[in-house]
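Worksheet for the structure shown next.
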Amino acid sequence: MDTQRKLEILADASRYDLSCACGTTDDDHRRRGAGGTWLYPASLPGGGTSVILKTLLSNSCVNDCRYCPLRNDQDCRRCTLGPEEIAGVFMDYARQRKAFGLFLTSAVIRSPDYTMDRMTAAAEILRGKFGYRGYIHLKIIPGSSDAAIAKALSLASAVSLNVEAPKRSAFETLSKMKDFDRDIVSPMKLISRLTAKGNRYERVKQTTQFIVGASNESDSDIVRATFGLYRRLNLNRVYFSAYQRGLGDPSLPGERNRPANPGDVLTREHRLYQADFLIRKYKWDMEDILFEADGSLSLEVDPKQRWAQRHPEFFPVRLSSASRDALLRIPGIGPITAGRIIKTRRQAHIGSLKDIGLRGKRLEKASKYSVTE
Ligand code: SF4
377 MDTQRKLEIL ADASRYDLSC ACGTTDDDHR RRGAGGTWLY PASLPGGGTS VILKTLLSNS
437 CVNDCRYCPL RNDQDCRRCT LGPEEIAGVF MDYARQRKAF GLFLTSAVIR SPDYTMDRMT
497 AAAEILRGKF GYRGYIHLKI IPGSSDAAIA KALSLASAVS LNVEAPKRSA FETLSKMKDF
557 DRDIVSPMKL ISRLTAKGNR YERVKQTTQF IVGASNESDS DIVRATFGLY RRLNLNRVYF
617 SAYQRGLGDP SLPGERNRPA NPGDVLTREH RLYQADFLIR KYKWDMEDIL FEADGSLSLE
677 VDPKQRWAQR HPEFFPVRLS SASRDALLRI PGIGPITAGR IIKTRRQAHI GSLKDIGLRG
737 KRLEKASKYS VTE
């Protein structure tokens, strides 16, 4: 099989791994870039956006993850790219200015360390032989040794080890071969230590991803775990990938308990991104994210509006005098609009939210929860 054909197969298989920050809406993160079939538009963990070449090194896997179409008992066309092939193909794109970064992930060939060795070999060729200094995101394979992780950190701009599930019991429904604490939690803690401020690999970002809806996890489990990943392990970004029904083992909870509306799983993924935004950007505490009785986020309204609906005593907020934090509690008002309100009211009375540029649904929402006097 030639390199281009392998790349078509392997790049296609990498599309459900969102740890490279390919956006939060369906259109964003499952779209291919205009410049080529496997170039993805991406926002980078450290800020900014780029176009990256995203591919698996191999889709041959010894593991048994029940949500994954590449698991070891599946009959699919398998292939592997050599480190030289990956480095060569990427540099062709980089020289033509079609790709500005590489996201390299892989199924597990033989063992975690063997796979990491192949991936870091590709990165070493790029950094050494080609003198490439740009963005490289390397997947950390669950179960990798400390030495293999340190080597990846010495070459990468960002790394990700996918946590997949928020707790051991949910994780155990997804894989019998991987161990949650040994293969996921311990290496993530090691990466956090090595990339902490003042440490050797401080410049390297760490991200991760949850599979949403494959197991019996609730949104509150995922949000609580996300909170811990940011606050205790200092992750740069957490991503959520809705489980694609039909790809996994038919006995998975996510296959047996199908939602009445198939689109609900993507709405659920979107709500988790909204909760994540409130945690990261608004610095909301865990108790500010409100759940339904079964632990799910509302599918009808976003988490910020849910908080407003359950706290009528807090509203209406006075636009003329409220603090920035209070303004940010108003559904429809984000950091930019809050800043505009504060700036405008220093000079003049705000007669209407239209005066500060709010329109449409956001105007309708915010007007219900605020007063101008
Ligand atoms: S390790 Fe698991 S998720 Fe990754 S390719 Fe193998 S079976 Fe799929």
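Per this note's numbering, the very first residue in the sequence shown carries number 377; after that it's consecutive. From the three backbone atoms N, C-alpha and C, an ideal C-beta is built for every residue, glycine too.
If only complete runs of 3 or more residues are kept, the segment 475–526 shows the beta strand (DSSP E) at 477–481, 511–515, in order along the chain. By alpha-carbon distance to residue 502, the top candidate from 460, 521, 377, 490 is 460.
Every residue with a CB closer than 6 angstroms to a heavy atom of the ligand SF4 is listed here in chain order: 437, 439, 441, 444, 446, 447, 483, 484. The segment 586–596 and the segment 558–577 do not touch, with fewer than 3 CB-CB distances between them shorter than 8 angstroms. Counting other Cβ atoms within 10 Å of its Cβ, residue 746 reaches 16 or more and is therefore classed as buried. Its chain contains 599, 651, 679 as the residues whose beta carbon lies nearer than 6 angstroms to that of residue 665, once the 5 sequence neighbours on both sides are disregarded; these appear in chain order. Runs of the alpha helix (DSSP H) spanning 4 or more residues and lying entirely within the segment 554–624 occur at 562–570, 595–607, in chain order.
Exclusion of the five residues before and after residue 442 leaves 550, 551, 624, 625, 628 as the residues of its chain whose Cβ lies within less than 7 angstroms of its Cβ. Around the beta carbon of residue 688, fewer than 16 other beta carbons lie within 10 angstroms, which makes this residue exposed. The beta-carbon distance between residue 584 and residue 538, rounded to whole angstroms, is 6 angstroms. This is short enough to meet the 8 angstroms contact definition.
CA-to-CA, the gap between residue 575 and residue 433 works out to about 29 angstroms. Comparing alpha-carbon positions, the option among 737, 444, 728 lying closest to residue 681 turns out to be 737. Looking only at 467, 597, 532, 484, the smallest Cα-Cα distance to residue 663 is reached by 597. Remark: C-beta atoms of residue 528 and residue 516 approach each other more closely than 8 angstroms.
Under the three-state reduction of DSSP output, residue 447 falls in the coil class, being neither helix nor strand. Each of 582, 633, 620 was checked against the Cα of residue 611, and the nearest Cα belongs to 582. Taking a C-beta distance under 8 angstroms as the contact criterion, residue 498 and residue 542 do not qualify as a contact pair. Approximately 25 angstroms separates the beta-carbon atoms of residue 724 and residue 707; this is outside 8 angstroms, ruling out the contact.
Secondary structure at residue 730: helix, using DSSP grouped into helix, strand and coil. Judged by beta-carbon spacing, residue 695 lies within the 8 angstroms limit of residue 726, meaning their Cβ atoms are closer than that value.
Pairwise C-beta distances place the segment 462–470 out of contact with the segment 641–661, as fewer than three of them are shorter than 8 angstroms. Annotation: residue 507 to residue 660 spans about 42 angstroms, alpha carbon to alpha carbon. Residue 536 is bridged by DSSP to 515, 583. In this structure, the alpha-carbon of residue 531 lies about 29 angstroms from that of residue 377. At the C-beta level, residue 559 and residue 519 come within 8 angstroms of one another.
A check of alpha carbon separations from residue 477 across 430, 741, 673 identifies 430 as the nearest. Burial state of residue 615 is buried, judged by a 10 Å Cβ sphere holding 16 or more other Cβ atoms. Apart from sequence neighbours up to five positions away, the residues of its chain that approach residue 524 with a beta-carbon distance below 6 angstroms are 489, 492, ordered along the chain.
Secondary structure note for residue 630: its alpha helix (DSSP H) is the uninterrupted segment 629–632.
In the structure shown, residue 693 adopts extended strand secondary structure according to DSSP, grouped into three states. Nearest neighbour of residue 456 by Cα position, chosen from 450, 465, 483, 690, turns out to be 483.
In its chain, beyond the 5 residues on either side, 714 have a beta carbon closer than 6 angstroms to the beta carbon of residue 700.
Straight-line measurement puts the Cα of residue 479 at about 22 angstroms from the Cα of residue 605.
Across the set 463, 500, 635, the C-alpha of 463 shows the shortest separation from the C-alpha of residue 379. Straight across, the Cα-Cα distance linking residue 436 with residue 633 is about 29 angstroms.
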